[in-house]
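Protein chains in written order, with my numbering: chain R, 1 to 450; chain S, 1 to 224.
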C-alpha cells in the first residue's frame with residue numbers, strides 16, 4: 001500500500017510533489033491531455049532537467065533556462081499593461097506567445113498582471129496599477145505607507161487574523177471599511193454569544209462591504225477561469241508552470257506592506273523585541289501558506305520574493321539578528337513538508353551569501369539578481385540551485401552578442417557540477433525580443449553537459 | 001576670562017561635542033535630552049542646529065565607509081527631524097542659506113518608487129545642497145520648467161523600473177530641446193541603473209548609492 005503523506009520523510013514528500021508535478025491534472029481531476037506526444041515528452045524532460053538541477057544529485061542533460069518576466073510578455077505581444085489587467089483574453093494571448101516565441105524550460109503562468117476590475121471594486125490602496133495612479137503603459141507599483149502603526153505590534157501578535165480583518169484590510173481596501181465593525185469571531189461562544197456578535201452583520205457599512213466582497217469574488221472567479229485555462233494550455237503545450245504559490249520572509253511581511261520600509265527600519269532601533277516577536281508569530285503562518293499551496297496544486301516550488309534583507313538595506317549584524325532567523329525557519333518549515341523554497345534575492349545579496357548557505361543541500365532554488373555569482377557559486381551555490389543574473393539593462397538596451405557573452409560567462413562560472421539555471425535576474429518589463437531569444441537559444445546550445 | 005564665562009564656555013563646548021557624537025552614534029534619547037538642556041540654558045538655536053548638522057556629516061561618512069547602512073540613515077534622519085522640531089520655535093533669525101548649490105531631483109515619468117530617491121535627497125540636503133524635490137512620476141517637461149525656474153546646474157533622475165530607462169532618456173532629450181543641456185550636469189540612479197544605461201540615456205554620470213550621488217554633486221558644484 002502507498003505511504004500516507006504523514007508517514008513520508010521530507011525527501012519522500014519532495015519526490016511525491018515532483019511526481020505530481022510531472023503528471024498534471026485538469027480541473028476535473030483527470031490526467032491533463034497534452035497537445036501532442038511530443039509536448040508531453042518535452043514537459044517531462046523539462047521537469048526532469050529542473051529537478052536534476054535543484055536536487056544536485058546528478059547532472060541534468062543541459063543547463064535549464066527560464067524567463068521570469070514582469071510585464072515583458074504584455075509589451076512583447078503589443079498590448080499595454082492596462083489591457084492585460086482588464087482584458088483577460090489579451091493577457092492569456094501575451095503569456096502564451098511568450099512560451100511559443102522563446103520556448104523556455106519553465107514559465108510562471110499568466111497570473112502576474114492580476115484582475116484590474118477586482119482592485120477597482122475593492123478600492124485597493126496598497127498599489128497603483130496601470131491607468132489607476134500610474135500610466136496605462138506602466139506596470140503596477142506599491143505605495144509605501146505605515147499601514148500598521150508603530151504601536152500596533154501587540155494587536156498583531158495577539159491575534160494576527162483579527163488584526164488583518166479588522167484593522168489592516170480596511171486600511172488597504174477602501175471598500176472593506178465595514179470590516180472595522182466586525183466582531184471577534186472567537187467571542188461567538190455558547191448561546192449567549194450568538195445574537196450580540198451577529199448584530200454587526202446587520203449594519204449597512206458591513207453589508208456594503210460584503211456586497212463588494214461578493215462582486216470582487218465573482219470577478220476573481222471569472223479571472224481565474226480565463227487565466228487557469230491559459231496556464232493549462234501552456235502546460236499542455238509542454239511548458240511546466242514553476243510556482244504553486246508564494247510566501248514571504250517574515251521581515252518582509254512587516255517591512256513591505258505592514259510597517260513599510262521606514263517603519264520597520266525605525267522599529268529595529270526603537271522596538272527590536274516587538275519586531276522579533278511579531279516575526280516569530282508570523283513564521284508558522286508563512287510556512288502554512290507555502291505548504292498549503294504546494295499541496296493544493298501538487299507542485300513543489302514556492303516563490304519567496306526577498307526585499308529588505310539585501311546588501312545595504314541593513315548591516316550584516318542586523319541581517320543575522322532580524323532577517324535571517326525567521327526567514328530560515330520558514331524555509332526549513334517548507335523543506336520539512338517536501339516543498340522547495342524559491343527565494344528571489346532581488347538586488348545584491350553578496351554579503352549575505354555566507355550566512356545563507358546554512359541550509360540542507362538540494363532543497364532550495366534561488367533567483368539571483370545582481371549578487372556576485374562567482375562568490376555565490378562557492379557559498380550558497382554549494383547547497384542550493386541558483387538561476388538568474390542576466391541583467392535587465394543588457395536585456396533592454398544591449399544586443400544579442402552582449403547577451404551571449406554574458407550567458408557564456410555565467411555558464412562557465414556557475415554551471416560546473418550542476419545547480420545552475422540560466423535566467424534573467426530581475427522581473428523585467430522592457431526588453432528587446434531578440435535579446436531574450438539570444439539568452440534562451442544560447443543557453444540551450446552552450447549549456448549542454450558533455 | 002571670567003571664571004563663570006570660562007566654565008560656561010567649557011560646558012557648551014563639551015555639550016556641542018556631545019550632541020555631535022550622540023547624533024552620529026544614533027543615541028536618540030541622549031541627543032534629544034542634550035538639545036532640550038541646551039535650549040533651556042538659553043543657547044543660540046542656530047549653534048545647536050549646526051552641531052546637529054556636523055553629527056549628520058559623520059553619519060554620512062560612516063555610510064560612505066560601509067559602517068552604516070540605510071536603516072542608520074533613516075534613523076538619523078528621524079532624530080534630526082525631532083531635533084529640528086524642538087529648535088524651530090526658538091529660532092529668531094532664519095538659518096544660513098544652503099551654500100553648496102541647487103539641485104533639481106525627481107523620479108522620472110511612469111515610475112513612483114521613492115525610497116532610493118528620498119535617501120539621496122536627504123543626503124544631499126544634510127551635505128548642504130538646496131534640493132528641489134519634484135516627487136515621483138515626474139514628466140520631462142516639469143524637470144525642464146524647474147531647471148529654468150531655479151537655475152539649478154545639477155539634475156538628479158531616479159528610477160527603479162526598466163521603463164525608467166526611456167523616461168530618463170526622454171527627460172535628458174527634453175533638456176536638450178529646451179537648450180538647457182550644456183547648462184546642467186545630469187546624474188541618474190536606481191536599482192537597475194548601470195554605465196550601459198547611463199550611455200543610453202545621455203546622462204553625465206550614474207551613482208550606485210546615495211554617497212556616490214553626493215560625491216558627484218560635490219564634484220560638479222566645485223565643493224572641496
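Every residue, glycine too, gets a C-beta built ideally from N, C-alpha and C.
Since the structure is predicted, the reported quantities are computational estimates derived from the model, not experimental observations.
Spatial neighbours of residue i within its chain, please: CB distance less than 7 Å, with the 5 preceding and 5 following residues excluded, ordered by chain position.
i                      : result
residue 377 of chain R : 413 and 414
residue 133 of chain R : none
residue 426 of chain R : 346, 369 and 392
residue 24 of chain R  : 32 and 235
residue 114 of chain S : 107 and 136
residue 451 of chain R : The requested residue 451 of chain R does not occur in the structure, where chain R is confined to residues 1 to 450.
Determine the direct distance from the alpha carbon of residue j to that of residue i, and round the result to whole angstroms.
i                      : j                      : result
residue 200 of chain S : residue 170 of chain S : 11 Å
residue 43 of chain S  : residue 100 of chain S : 27 Å
residue 75 of chain R  : residue 431 of chain R : 9 Å
residue 7 of chain R   : residue 31 of chain S  : 59 Å
residue 37 of chain R  : residue 236 of chain R : 10 Å
residue 368 of chain R : residue 440 of chain R : 17 Å
residue 87 of chain R  : residue 94 of chain R  : 11 Å
residue 43 of chain R  : residue 100 of chain R : 14 Å
residue 180 of chain R : residue 353 of chain R : 43 Å
residue 508 of chain R : residue 144 of chain S : No answer is possible for residue 508 of chain R: it lies beyond the span of chain R, which begins at 1 and ends at 450.
residue 156 of chain S : residue 357 of chain R : 38 Å
residue 45 of chain S  : residue 84 of chain S  : 9 Å
residue 114 of chain R : residue 91 of chain R  : 9 Å
Counting only beta-carbon separations shorter than 7 Å, does residue i have a partner in chain R?
i                      : result
residue 162 of chain S : yes
residue 197 of chain S : yes
residue 200 of chain S : yes
residue 194 of chain S : yes
residue 75 of chain S  : yes
residue 289 of chain S : Here chain S comprises residues numbered 1 to 224, so residue 289 of chain S is not present and cannot be evaluated.
residue 55 of chain S  : no
residue 34 of chain S  : no
residue 139 of chain S : no
Hey, out of the options, whose CA is closest to residue i's CA?
i                      : options                       : result
residue 329 of chain R : R:11, R:98 and R:248          : R:248
residue 136 of chain R : R:252, R:81 and R:90          : R:81
residue 66 of chain S  : R:313, R:324 and R:152        : R:313
residue 158 of chain S : S:186, S:141 and S:176        : S:186
residue 307 of chain R : R:298, R:343, R:443 and R:337 : R:343
residue 243 of chain S : S:23, S:220 and S:179         : No answer is possible for residue 243 of chain S: it lies beyond the span of chain S, which begins at 1 and ends at 224.
residue 123 of chain R : R:148, R:383 and R:174        : R:174
residue 338 of chain R : R:55, R:46, R:83 and R:45     : R:55
residue 447 of chain R : R:284, R:405 and R:227        : R:405
residue 397 of chain R : S:214, S:138, S:191 and S:196 : S:196
residue 387 of chain R : R:400, R:410, R:403 and R:402 : R:410
residue 272 of chain R : R:171, R:150 and R:69         : R:150
residue 257 of chain R : R:223, R:148 and R:196        : R:148
residue 269 of chain S : S:56, S:194 and S:204         : Residue numbering for chain S in the displayed model covers 1 to 224; residue 269 of chain S lies beyond these limits and cannot be assessed.
residue 408 of chain R : R:15, R:35, R:65 and R:219    : R:65
residue 250 of chain R : R:243, R:264 and R:241        : R:264
Verify the CB distance criterion: does residue i have a CB-CB separation below 7 Å to chain S?
i                      : result
residue 261 of chain R : yes
residue 265 of chain R : yes
residue 357 of chain R : no
residue 269 of chain R : yes
residue 138 of chain R : yes
residue 419 of chain R : no
residue 392 of chain R : yes
residue 396 of chain R : yes
residue 252 of chain R : no
residue 429 of chain R : yes
Specify, as a first and last residue, the run of the alpha helix (DSSP H) that residue i falls within.
i                      : result
residue 161 of chain R : 160 to 163
residue 258 of chain R : No alpha helix (DSSP H) contains residue 258 of chain R, which DSSP labels as neither H nor E.
residue 406 of chain R : 400 to 414
residue 179 of chain R : From DSSP, residue 179 of chain R is part of no alpha helix (DSSP H); its letter is neither H nor E.
For residue i, collect the residues of the same chain with a Cβ closer than 6 Å to its Cβ; drop the 5 residues on either side in sequence, then sort them by chain order.
i                      : result
residue 465 of chain R : Chain R is shown from 1 up to 450; residue 465 of chain R falls before or after that span and cannot be answered.
residue 372 of chain R : 350
residue 157 of chain R : 277, 278 and 281
residue 71 of chain R  : 81, 139 and 429
residue 333 of chain R : 287
Where do the ends of the beta strand (DSSP E) carrying residue i lie?
i                      : result
residue 128 of chain R : 127 to 130
residue 126 of chain S : Segment 115 to 126 is the alpha helix (DSSP H) holding residue 126 of chain S; no beta strand (DSSP E) there.
residue 130 of chain S : 130 to 133
residue 107 of chain S : 102 to 107
residue 187 of chain S : 185 to 189
residue 65 of chain R  : Looking at the DSSP string, residue 65 of chain R is not in any beta strand (DSSP E), and its letter there is neither H nor E.
residue 388 of chain R : 385 to 388
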